[in-house]
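Residue numbers (the numbering used here), protein chains in the order written: chain H, 198 to 484; chain W, 10 to 517. All residues carry an ideal CB built from backbone N, CA and C; glycine is no exception.
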């Protein structure tokens, strides 16, 4: 691509024009792709009657009435939107922090021990990927009844067990890639295993911890079936699900409820995008 | 050194224990229990141990035969004698005690008929096809006309359909000749004669109320006449019904009124007769995919669309266009939303926007379109995820190669086949595997799009079917057996994936 040939500049120009057209086409495609969510967003500012008459245009009299009405309504079991949001927040925090703690510890000893036992245990964790949820679904309901676990605390503890395998898997891969020398020098100084782990190893794991945290938040926050069979009501997704069953024709409130329950996760996504994308590409291609 | 070894072993166990314990408790234990439940006939709700048991049986067969005093204490803790009913009645039973009581009872040979081991019957039932027929493809007739629909819907019937559904199908000569009286062949097809039923049903009813002297009796008369028509009685029935009115009303209804009553009655009778005939014979023969075929359909098309689109998108975004990061974010957005939200967004699109845009309103409940709509929604949700994996895979391909191939069109295909595709192979394998497993397990989207009517529309996949079996139709044992087979399928698929990856790694 030098300037020896006089035909090249013109060709370069056409190539550039081609890129511009290509970019415009891609932007157009992306807009069509994301239109359904924009459609919901626009309609959430219309009244139900306006949606029925004119679902496609812009709101003639934009108002926040729908949002206020969703906030005021009681969904199934008397849970309001805000209560469901709070419950979901609580479940997510307890679940994800627990998963992070127990999985990083387990993965650490598994990655640093080269024994048959550690290989077998790691394989048992890896086996989880082939268990379909439908197989453990009925026994989990039985177990939850037996343990009186049909509340947000019980549900969170269940997530510890169900989230551990994937997290152990990802931590395991990461820990194997960090050098042993730091731990070695620390253990020569006489640090106990516990101190070694929490003061030296855990800080080193921050990048993968961030990735696992965000992926697990997305999973727990959005999960439907487990909360549905254990709790029936009380989380944000269940509020959303029951809301659609309850107010089938109230399109204004329905669209507003969708916008409201999607907003927290969308904000999280744009704030943490880097980690999500890193986590998916790393987890998939290396794992 | 010994102390050190002991120390490291104890910390190995201490560090491992929490994760292992929770994993064991909420995944492995349920898995083993799932295997066990799949060999029972449990319906999901029936108590494992009898809720009540007659006094002599309990005392002689259970209590006296139980040697262990703590077992006896347990039995008496949960079962209280109720002499009035002649029974021992059980209190609420949770937790480990439930399993202990179950063992005590089964040791005494007392088995609850609603919770007993039936061996591999659930599995043999599945393999011999002895399950809900909805699991397999089925022929069915979709009526093109319902008896309650307005007459306007059958004003025109195409000549082809007339031939296929009426002439070839109706063996009763009176029925056939009735249809030939009602319709005339025109270039457009068979058209309903205007004179055959000149009045609409509301017109008939208003005219009936206007007949002097008939009074409230019109309502019963109209009802009787239409019933007679729908039961395909002979036309004479109209006169009979008028006769029936006769003794009471004859002196009040003028002769002109009687004539009118007769013709109105004939019209009402003919309309009901015609509607019944057409509703019965005018249908489209269709095939419902059934759970098994729909699952395969959904999986194949979802995997195909998601991977092809994601691959194309990855190539498009792995170029030097300026907006590529924003575009990548946009295509990924559906993936962070809860599947329930995704399903509801599309539900509103299908029920409001599309009808307004196209003028055609039958989308989400149309058995011909619905399977494709579920694939569309799942693809829309999943494509961003796989795009990211493919983009990561493209990082392995030297950038100059991609650029060279995009400039010189002739080399694009060769480059793609010889260089890019092999480099992308790990990403393609993992995406195919993940998307296949994901598609097989798609639950939320279908469940939210069709909260109660997925079966009627024909979009039940295996996991939805298992869910309904377990919690709605009360076949928890059989449902778990299906889930075990699903696990076998997933095991096979992941086995294929692992061997493929290993083989390719060796070649590289």
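Put residue 182(W) into one of helix, strand or coil per three-state DSSP. Position 173 of the second chain, counted from the start, is the residue given in the question as residue 182(W). Residue 182(W) falls in the helix class under three-state DSSP.
Quick check: the segment 495-506 of chain W against the segment 143-159 of chain W, are at least 3 beta-carbon pairs closer than 8 Å? no
Neighbour list for residue 107(W) in chain H, Cβ cutoff strictly below 7 Å: In the second chain, residue 107(W) corresponds to position 98, counting from 1. Chain H residues near residue 107(W): 343.
So residue 444(W) contacts chain H; which residues on that side make the cut at Cβ distance below 7 Å? The count along the second chain starts at 1 and reaches residue 444(W) at position 435. Correct list: empty, because the minimum Cβ distance to chain H is about 11 Å.
Enumerate, from N- to C-terminal direction, the unbroken alpha helix (DSSP H) stretches of 4 or more residues contained entirely within the segment 364-421 of chain H. 378-385 and 403-419
With a threshold of 16 other CB atoms inside 10 Å of the CB of residue 367(W), please say whether the residue is buried or exposed. Looking up residue 367(W) in the second chain gives position 358. Label assigned to residue 367(W): exposed.
Rounded separation between residue 397(W) and residue 52(W) - CA only: To locate residue 397(W), count along the second chain from 1; it is residue 388. To locate residue 52(W), count along the second chain from 1; it is residue 43. Each residue's alpha carbon lies about 43 Å from the other.
Identify which residue in 234(H), 209(H) and 229(H) has its Cα closest to the Cα of residue 345(W). On the second chain, residue 345(W) is found 336 positions in, with the first residue counted as 1. Measuring from the Cα of residue 345(W), the nearest candidate turns out to be 234(H).
Over the uninterrupted beta strand (DSSP E) stretch that includes residue 99(W), give me the two end residues. Start at 1 with the first residue of the second chain, and residue 99(W) comes out as number 90. That run of the beta strand (DSSP E) goes 96-99.
Can you tell me whether residue 207(W) is buried or exposed, with buried defined as 16 or more other CB within 10 angstroms of its CB? Reading the second chain from its first residue, position 198 is the one you call residue 207(W). Looking at its Cβ environment, which holds fewer than 16 other Cβ atoms inside 10 Å, residue 207(W) is exposed.
Selection from 268(H), 302(H), 297(H) and 424(H) that minimises the alpha carbon distance to residue 494(H): No answer is possible for residue 494(H): the residues shown for chain H start at 198 and end at 484.
If we ignore side chains and look at the alpha-carbon of each, how far apart do residue 138(W) and residue 433(H) end up? Taking the first residue of the second chain as 1, we reach residue 138(W) at position 129. Taking the first residue of the first chain as 1, we reach residue 433(H) at position 236. So the alpha carbons of these two residues sit roughly 40 Å apart.
May I ask you to list, following chain order, the residues of the segment 30-45 of chain W that have a beta carbon less than 9 Å from some beta carbon of chain H? 30, 31, 32, 33, 34, 35, 36, 37, 38, 39, 40, 41, 42, 43, 44 and 45
Note the first and the last residue of the continuous beta strand (DSSP E) segment covering residue 152(W). The residue given as residue 152(W) occupies position 143 in the second chain. Here the beta strand (DSSP E) through residue 152(W) covers 147-152.
What does the Cβ neighbour count give for residue 192(W), buried or exposed, with the cut at 16 atoms within 10 Å? Translated into positions along the second chain, residue 192(W) becomes position 183. Classification of residue 192(W): buried, given that the 10 Å Cβ count is 16 or more.
From residue 332(H) to residue 221(H), what does the alpha carbon distance come to, in whole angstroms? Here the question's residue 332(H) lines up with position 135 in the first chain. Here the question's residue 221(H) lines up with position 24 in the first chain. The alpha-carbon atoms of residue 332(H) and residue 221(H) are separated by roughly 47 Å.
For residue 276(H), which residues in chain W fall below 9 Å Cβ to Cβ? Counting from one through the first chain, the residue named residue 276(H) turns up at place 79. Per Cβ cutoff of 9 Å: no residues; residue 276(H) is ~15 Å from chain W at best.
Give the DSSP bridge partners of residue 271(H), in chain order. Residue numbering aside, residue 271(H) sits at position 74 when the first chain is read from its first letter. For residue 271(H), which the question treats as bridged, DSSP gives the partners 277(H).
Give, in chain order, every residue of the segment 457-475 of chain W whose Cβ lies closer than 7 Å to some Cβ of chain H. 457, 460, 472 and 475
What's the gap between the Cα of residue 336(W) and the Cα of residue 216(H)? Within the second chain, residue 336(W) is the residue found at index 327, counting from 1. Within the first chain, residue 216(H) is the residue found at index 19, counting from 1. In a straight line, the C-alpha of residue 336(W) is about 15 Å away from that of residue 216(H).
Minimum C-alpha distance to residue 280(W) - residue among 24(W), 238(W), 432(W) and 214(W): The residue labelled residue 280(W) in the question sits at position 271 within the second chain. Closest option to residue 280(W), Cα to Cα, is 238(W).
Neighbour flag for residue 385(H) against chain W, beta carbons, 8 Å: Locating residue 385(H) in the first chain gives position 188, where the first residue counts as 1. Not one chain W Cβ lies under 8 Å of residue 385(H).
Residue 195(W) (DSSP reduced to helix, strand or coil): Counted from its first residue, the second chain places residue 195(W) at position 186. Residue 195(W): strand per DSSP, three-state reduction.
Does the CB of residue 199(H) have a neighbour CB from chain W at under 8 Å? Position 2 of the first chain, counted from the first residue, corresponds to residue 199(H). Confidence is the limiting factor: at residue 199(H) the pLDDT is only 42, short of 50, which leaves the residue's position unreliable, though a coordinate-based value still follows. It does not: the Cβ of residue 199(H) has no partner Cβ on chain W nearer than 8 Å.
Residue nearest to residue 456(W) in terms of C-alpha spacing, selected from 155(W), 386(W) and 510(W): Here residue 456(W) refers to the residue found at position 447 of the second chain. With distances taken between Cα atoms, residue 456(W) lies closest to 386(W).
When the Cα of residue 125(W) is compared with those of 135(W), 114(W) and 100(W), which residue comes out closest? The residue labelled residue 125(W) in the question sits at position 116 within the second chain. Per the Cα distances, 114(W).
Anticipated Cβ contact below 8 Å, residue 366(H) with residue 355(H), distance rounded: In the first chain, residue 366(H) corresponds to position 169, counting from 1. In the first chain, residue 355(H) corresponds to position 158, counting from 1. That pair is no contact at about 19 Å.
Using the beta-carbon of each residue, which ones in chain W are nearer than 7 Å to residue 235(H)? For the purposes of this step, residue 235(H) is taken as the residue at position 38 of the first chain. The premise fails here: residue 235(H) is roughly 10 Å from chain W at the closest Cβ pair, so nothing lies under 7 Å.
What does a CB cutoff of less than 7 Å around residue 90(W) pick up in its chain, not counting 5 residues either side in sequence? The sequence position of residue 90(W) within the second chain is 81, counting from 1. Here the set comprises 64 and 97.
Assuming the contact rule is C-beta atoms closer than 8 Å, residue 286(W) and residue 188(W) should be a hit. Round their C-beta distance to whole Å, please. As a first step, residue 286(W) is located in the second chain; it is residue number 277 there, counting from the start. As a first step, residue 188(W) is located in the second chain; it is residue number 179 there, counting from the start. With a Cβ gap of about 6 Å, residue 286(W) and residue 188(W) count as contacting.
For the segment 362-381 of chain W, list every residue whose C-beta sits within 8 Å of some C-beta in chain H, in sequence order. 362, 365 and 366
Taking only three categories from DSSP, how would you classify residue 386(W)? By one-based count along the second chain, residue 386(W) stands at place 377. If DSSP states are grouped into helix, strand and coil, residue 386(W) belongs with the helices.
If we call anything under 8 Å between Cβ atoms a contact, is residue 409(H) one with residue 27(W)? Residue numbering aside, residue 409(H) sits at position 212 when the first chain is read from its first letter. Residue numbering aside, residue 27(W) sits at position 18 when the second chain is read from its first letter. Their beta carbons are not under 8 Å apart, which means residue 409(H) does not touch residue 27(W) by this criterion.
Chain W partners of residue 477(H), CB-CB under 7 Å? For the purposes of this step, residue 477(H) is taken as residue 280 along the first chain, with counting starting at 1. 394, 397 and 398, listed in chain order.
Does the segment 460-470 of chain W come close enough to the segment 38-50 of chain W to have 3 or more Cβ pairs within less than 8 Å? no
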